[in-house]
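Numbering (the UniProt record's numbering), first residue to last: 1 to 87.
Heads up, the beta-carbon is just placed ideally off N, CA and C, and yes, glycines get one too.
Here is the structure we will look at, set down as structure tokens.
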């Protein structure tokens, strides 16, 4: 996906909660690429200038699994506090 597609996908699947300025997304994508979590390539576009497409790397998939597990653990802890079920 290219940057605009990523921004719109986050907005759509996050019910607007993940909507943000597209200009803020590109530094994040660059940082993820520098960290080896994303690859990118430039391809021509039928509707304007060439676009930079991003794809997740193997290291990116591993990091995503770790981040998702950490997020679920945090969510579960917060839910337990809110529901009054924490030990």
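**Report entry** Limits of the alpha helix (DSSP H) - the one that residue 3 falls within
**Finding:** 3-13
Report task. Compute the Euclidean distance between the alpha carbons of residue 7 and residue 54, then round it to the nearest angstrom. Result -> 12 Å
Query raised in the report: According to DSSP, what are the bridge partners of residue 75?
Result: Paired residue(s): none; residue 75 is not in a bridge.
Query - Exposure label - residue 18; buried when at least 16 CB within 10 Å - result: exposed
Requested in this report: Would you tell me roughly how many angstroms separate the C-alpha atoms of residue 47 and residue 82, rounded to the nearest one?
Outcome: Using only the alpha carbons, I get a separation of about 49 Å.
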